[in-house]
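**Student:** Before we start, here is the structure in question, set down as structure tokens.
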Amino acid sequence: MNQLQQRNRSLLIKLLAGTVLMFGFGFLLVPLYDVFCDVTGLNGKLQNTGALTQEYKVDSKRQIRVQFLAVNNESMPWRLRPEQAEISVHPGQMTQTAFLAFNPTERNMVAQAIPSVAPSEAAPYLHKVNCFCFEQQPLAAGEKRAMPLVFMVDDQLPGYISTITLSYTLFDITPESSPVSGIAVAPARSVL
Amino acid sequence: MGSLEQSVHSTGHHGPATGITRWLYTTNHKDIGTLYLFFSLTMFFIGGCMALTIRAELFQPGLQLVRPEFFNQMTTSHGLIMVFGAVMPAFVGLANWLIPMMIGAPDMALPRMNNWSFWILPFAFTMMLSTLLMEGGGPNFGWTFYAPLSTTYAPPSVTFFIFAVHMMGISSIMGAINVIATILNMRAPGMKLMDMPLFVWTWLITAFLLIAVMPVLAGVVTMMLMDIHFGTSFFDAAGGGDPVLFQHVFWFFGHPEVYIMILPAFGVVSEIIPTFARKRLFGYTSMVYATASIAILSFIVWAHHMFAVGMPLAGELFFMFTTMLIAVPTGVKVFNWVATMYRGSMTFETPMLFALAFVVLFTIGGFSGLMLAIAPADFQYHDTYFVVAHFHYVLVPGSIFALMAATYFWLPKWTGHMYNESMAKLHFWLSFIGVNITFFPMHFLGLAGMPRRIPDYALQFADFNMVATFGAFLFGFSQLVFVYNIISCIRSGRQATDRVWEGSHGLEWTLPSPPPYHSFTEPPVFTHPYKENDRGV
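Right, here's the structure in full:
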């Protein structure tokens, strides 16, 4: 019996090791997923690049339309809209614009904007030098603010792309936030 | 294995303990198999009551019986109970009863762990079912528990659900380890891997699938737990996570999981059809390789559940073609079963009836699966009743019918009594008709656009829903015949012979009916049943 028990035990250890390994693999799928999305440029996820390290030459012969969108995640009461819905830029040209945010509630809140780019192939070519999405954005009750965005379209942008859409989804990340928050003022459409 | 003589000496002369402790402390593979089978039968009825609640609500358009919140809890719990509580433990129960007897082993390799892996389950399911009585209700996010429905918007009881899934996972993994150790280490002398009965082969492959994917399920619910309670953002876009990631990780578990539920059923049918066709199984080797190919392919097809989530064209095509590739080994199996029956001396006892219904109806489910695999067409079918019809066709007349076939096939061996054949035939025909009346109209509902998981629906879907509900009640209540037949077979009945069936083959039929509490304490001399006697008679 001892020999059989020995074999059972060693097999048990191997299979348990396999189980632990697969449990780890489940978690490994998370970074793998991100790496896969980065490498293939799927998912329209942007690199939060910050300051540029290399010089880009302005290609004044090409015009790229950059469209801006702002969406609220469910239960987020802020108003957010782009200053300009669409800008026409040259590749390599540094451009500044802003998003206007308004907190209509009667409490101080914190928000986080998550960017996404369509078509997703364009994501690696849209460099954001400064973006309100780099940081959490606090707004006091009833506060209004223009949040800056400085960006540049890479001169290596594939030729078949002429329009890029940059969309922000705004999430409520106020600590201890409850979805039921009082609205201080009913904001008229014209406020923003 | 000469050292087995010791165990003969020490165990040969006592039977089971008496009273409740027999079942609590048992390490006997037959006792644990029985516990698993009765547990899954109980869960089958609990999940069935939930299904009938769903069907009763859908009998007519409008809200009649339950509130939508409760309806969602019913659809979710029905799915979870049937998958993790009924089908999976039932196959583990069959494995416990049959694998040692089929390979000539005295018991499972790790008997104490066997006891543990069963006794975790009642606690896991009590915990999960108790959430239905808690404030905020039980899980209501669908059995696939997609984030953020199951994280940000989940009822407070979701933590109990997570721990219940952890416990089920531990139970399944321990069961799988036991099966692998038993099959690899405890076969009778002379039995090579390619001599094993196909039920043993399919379970060996299933056990490897379980070890590969149940930990991933444990991982994904752990991530949910951390998102809910520890402030991580695996699936929360606000913190840099991604809800689509949940679907990828879930289906990386989920697709092999559906083969975990069907491969042992293939094994059961591959035992039954040769017995009643009185021929050896056609293409044994190709059956083994087909099972292994299905298992391997199951790891690279998961995103066909997510065609509508926004994948690039290359991804859609990759998952579409790999999914369709699975039809090849599955087709090999179906053709092998048909070829086994070709020119056989067939008789139609109840196990054979269920096995035949399995082949026909599982194939229908397989074909609707092929339709769903076509990525461009899937956008129409996605999340409709067509999907519901598809997976119920592969699970109910697939897995469940195989389980019923197995029960009737081996019940005389287990109990020593023949079951009531005419009552069993009645059960078969009621189930066969009931299943088709229930699920066939759902194809049409889905193609016409009725979404799944809704308590109320547009008027044009009323007629088919009414038909489906009639069928569901017919199928549900005819299972009482099944239970009555099982219980009366355990208590009394005509004495079964050792071989039970004229065409039976394999080591389990060399034991008396019922088999002694400790069987094969001396390893049997294995001779290949097919090589010895081509017709198995």
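Protein chains in written order, with the UniProt record's numbering: chain X, 1 to 192; chain G, 1 to 537.
Even for Gly, the Cβ is constructed at its ideal location relative to N, Cα and C.
(1) The beta strand (DSSP E) that contains Leu80(X), what's its start and end?
(2) What separation, rounded to the nearest whole angstrom, lies between the Cα atoms of Ala186(X) and Gly62(G)?
(3) Taking only three categories from DSSP, how would you classify Thr76(G)?
(4) Return the residue from the list Phe68(X), Val30(X), Thr19(X) and Lys14(X) that minimises the CA-CA distance to Pro243(G).
(5) Between Met147(X) and chain G, is any beta-carbon pair separated by less than 8 Å?
(6) Mapping the DSSP letters down to three states, classify Gln112(X) as helix, strand or coil.
(7) Should Phe461(G) and Thr438(G) be called a contact, given that it needs their Cβ atoms to be closer than 8 Å?
(8) Considering only heavy atoms of the ligand MG, does any lie closer than 7 Å to the CB of Gly92(X)?
(9) The beta strand (DSSP E) that contains Phe461(G), what's its start and end?
(10) DSSP puts Val117(X) in a beta bridge; with which residues?
(11) Please compile the residues from chain X whose C-beta is within a distance smaller than 7 Å of the C-beta of Asn185(G).
(12) Please state the DSSP three-state secondary structure of Asp154(X).
(13) Using a Cβ-Cβ cut-off of less than 9 Å, list which residues of the region 244 to 255 of chain G approach chain X; keep chain order.
(14) Within 8 Å (strictly less), CB to CB, does Pro512(G) reach chain X?
(15) Report yes or no: is there a C-beta of chain X within less than 8 Å of the C-beta of Ala308(G)?
(16) Are any of the Cβ atoms in chain X nearer than 8 Å to that of Val216(G)?
(17) Mapping the DSSP letters down to three states, classify Phe196(G) as helix, strand or coil.
(18) Using only alpha-carbon positions, find the residue among Ala373(G), Leu361(G) and Tyr419(G) that is nearest to Leu395(G).
(19) Met109(X) CB to nearest chain G CB: under 8 Å?
(20) Along chain X, in chain order, which residues have C-beta atoms closer than 8 Å to that of Ile211(G)?
(21) With a cut-off of 8 Å, does the C-beta of Thr169(X) fall near any C-beta of chain G?
(22) Helix, strand or coil: how does DSSP classify Ile454(G) here?
(23) Give me the Cβ distance between Ser150(G) and Met224(G), rounded to the nearest whole Å; I'm assuming they're in contact under 8 Å.
(24) As a quick exercise: from Lys413(G), Ser270(G) and Val288(G), pick the residue whose alpha carbon is nearest that of Arg280(G).
(25) If we ignore side chains and look at the alpha-carbon of each, how far apart do Leu4(X) and Arg187(G) end up?
(26) Kindly indicate if chain G contains any beta-carbon less than 8 Å away from that of Asn103(X).
(27) Thinking C-beta only, is Met134(G) closer than 8 Å to Ala86(G)?
(28) Which one of Asp498(G), Ser293(G) and Pro455(G) has the shortest CA to CA distance from Arg67(G)?
(29) Does the distance from the C-beta atom of Leu372(G) to that of Ile326(G) stay below 8 Å?
(30) Could you work out which residues of chain X lie near Ile180(G), taking near to mean beta carbons separated by less than 8 Å?
(31) Do you know offhand how far Thr497(G)'s Cα is from Trp410(G)'s?
(32) For Ser298(G), which beta-bridge partners are listed by DSSP?
(33) When burial is assigned at 16 or more other CB atoms within 10 Å of the CB, is Glu106(X) buried or exposed?
(34) Output, in chain order, the set of chain G residues within a Cβ distance shorter than 8 Å of Val35(X).
(35) Would you kindly report the start and end of the unbroken beta strand (DSSP E) that includes Ser88(X)?
(36) When the Cα atoms are used, what is the spatial distance from Leu12(X) to Val332(G)?
**Tutor:** Based on what the coordinates show:
(1) Your numbering for residue 80(X) matches position 80 in the first sequence. First-last of the beta strand (DSSP E) with Leu80(X): Arg79 to Pro82.
(2) For this step, residue 186(X) is matched to residue 186 along the first sequence. For this step, residue 62(G) is matched to residue 62 along the second sequence. With a pLDDT of 46 at Ala186(X), under the threshold of 50, the modelled position of that residue is not reliable, and the figure given next carries that caveat. A direct Cα-to-Cα measurement between Ala186(X) and Gly62(G) gives close to 36 Å.
(3) Position 76 of the second sequence, counted from the start, is the residue given in the question as residue 76(G). DSSP places Thr76(G) in helix when its eight states are reduced to three.
(4) Here residue 243(G) is taken as the residue at index 243 of the second sequence, counted from 1. Considering only alpha carbons, the answer is Val30(X).
(5) In the first sequence, residue 147(X) corresponds to position 147, counting from 1. With 8 Å as the cut-off, Met147(X) does not count as an interface residue toward chain G.
(6) Counted from its first residue, the first sequence places residue 112(X) at position 112. DSSP places Gln112(X) in strand when its eight states are reduced to three.
(7) Locating residue 461(G) in the second sequence gives position 461, counting from the first residue. Locating residue 438(G) in the second sequence gives position 438, counting from the first residue. In this structure, Thr438(G) does not lie closer than 8 Å to Phe461(G) by Cβ.
(8) Annotation note on the ligand MG: not contained in the displayed structure, which lists no ligands.
(9) The residue given as residue 461(G) occupies position 461 in the second sequence. For Phe461(G), no beta strand (DSSP E) segment is defined, and its DSSP state is neither H nor E.
(10) Position 117 of the first sequence, counted from the first residue, corresponds to residue 117(X). Bridge pairing for Val117(X): Leu166(X) [DSSP].
(11) Walking along the second sequence from the start, residue 185(G) turns up at place 185. Contact annotation for Asn185(G) against chain X: Leu4, Arg7, Asn8 and Leu11 [CB-CB distance below 7 Å, chain order].
(12) Walking along the first sequence from the start, residue 154(X) turns up at place 154. The answer is coil: DSSP assigns Asp154(X) none of H, G, I, E or B.
(13) When CB distances to chain X are screened at a threshold of 9 Å, the residues of the region 244 to 255 of chain G falling below it are Val244, Leu245, His248, Val249, Phe252 and Phe253, in chain order.
(14) Taking the second sequence and counting its residues from 1, the one referred to as residue 512(G) is at position 512. Pro512(G) does not count as touching chain X.
(15) Within the second sequence, numbered from 1, the residue matching residue 308(G) stands at position 308. No, Ala308(G) does not count as interfacial toward chain X.
(16) For this step, residue 216(G) is matched to residue 216 along the second sequence. At least one chain X Cβ lies under 8 Å of Val216(G).
(17) Taking the second sequence and counting its residues from 1, the one referred to as residue 196(G) is at position 196. It is Met, not Phe, that sits at residue 196(G) in the sequence shown. Three-state DSSP puts Met196(G) in coil, outside helix and strand.
(18) In the second sequence, residue 395(G) corresponds to position 395, counting from 1. Nearest option by C-alpha distance: Leu361(G).
(19) Along the first sequence, one-based indexing puts residue 109(X) at 109. Not one chain G Cβ lies under 8 Å of Met109(X).
(20) Taking the second sequence and counting its residues from 1, one reaches residue 211(G) at position 211. Chain X residues near Ile211(G): Leu15, Gly18, Thr19 and Met22.
(21) Taking the first sequence and counting its residues from 1, the one referred to as residue 169(X) is at position 169. Chain G, which has a Cβ nearer than 8 Å to the Cβ of Thr169(X), makes this yes.
(22) Position 454 of the second sequence, counted from the first residue, corresponds to residue 454(G). Reduced to three states, the DSSP call for Ile454(G) is coil.
(23) Start at 1 with the first residue of the second sequence, and residue 150(G) comes out as number 150. Start at 1 with the first residue of the second sequence, and residue 224(G) comes out as number 224. The C-beta distance from Ser150(G) to Met224(G) rounds to 6 Å, short enough to fall under 8 Å.
(24) Indexing the second sequence from 1 puts residue 280(G) at position 280. The option with the nearest alpha carbon to Arg280(G) is Ser270(G).
(25) Residue mapping note: residue 4(X) aligns to position 4 of the first sequence, counting from 1. Residue mapping note: residue 187(G) aligns to position 187 of the second sequence, counting from 1. Approximately 11 Å between the Cα atoms of the pair.
(26) Position 103 of the first sequence, counting from 1, holds the residue named residue 103(X). So no, Asn103(X) is outside the interface.
(27) Walking along the second sequence from the start, residue 86(G) turns up at place 86. Walking along the second sequence from the start, residue 134(G) turns up at place 134. If you check the CB distance, Ala86(G) and Met134(G) do not come in under 8 Å.
(28) What you label residue 67(G) is simply residue 67 of the second sequence in a count that begins at 1. Nearest option by C-alpha distance: Pro455(G).
(29) The residue labelled residue 372(G) in the question sits at position 372 within the second sequence. The residue labelled residue 326(G) in the question sits at position 326 within the second sequence. Going by C-beta atoms, Leu372(G) is not nearer than 8 Å to Ile326(G).
(30) Numbered from its first residue, the second sequence carries residue 180(G) at position 180. For Ile180(G), the chain X residues whose Cβ falls inside 8 Å of its Cβ are Leu11 and Leu15, in order along the chain.
(31) In the second sequence, counting from the first residue as 1, residue 497(G) sits at position 497. In the second sequence, counting from the first residue as 1, residue 410(G) sits at position 410. Looking at the backbone, the Cα of Thr497(G) and that of Trp410(G) are separated by about 12 Å.
(32) Within the second sequence, the letter at position 298 stands for residue 298(G). Beta-bridge pairing links Ser298(G) to no other residue.
(33) As a position in the first sequence, residue 106(X) is number 106, starting the count at 1. That one is exposed.
(34) The residue labelled residue 35(X) in the question sits at position 35 within the first sequence. Those do not exist, as Val35(X) stays about 12 Å from chain G at its closest Cβ, beyond 8 Å.
(35) Taking the first sequence and counting its residues from 1, one reaches residue 88(X) at position 88. Residues Glu86 to Val89.
(36) Here the question's residue 12(X) lines up with position 12 in the first sequence. Here the question's residue 332(G) lines up with position 332 in the second sequence. So the alpha carbons of these two residues sit roughly 33 Å apart.
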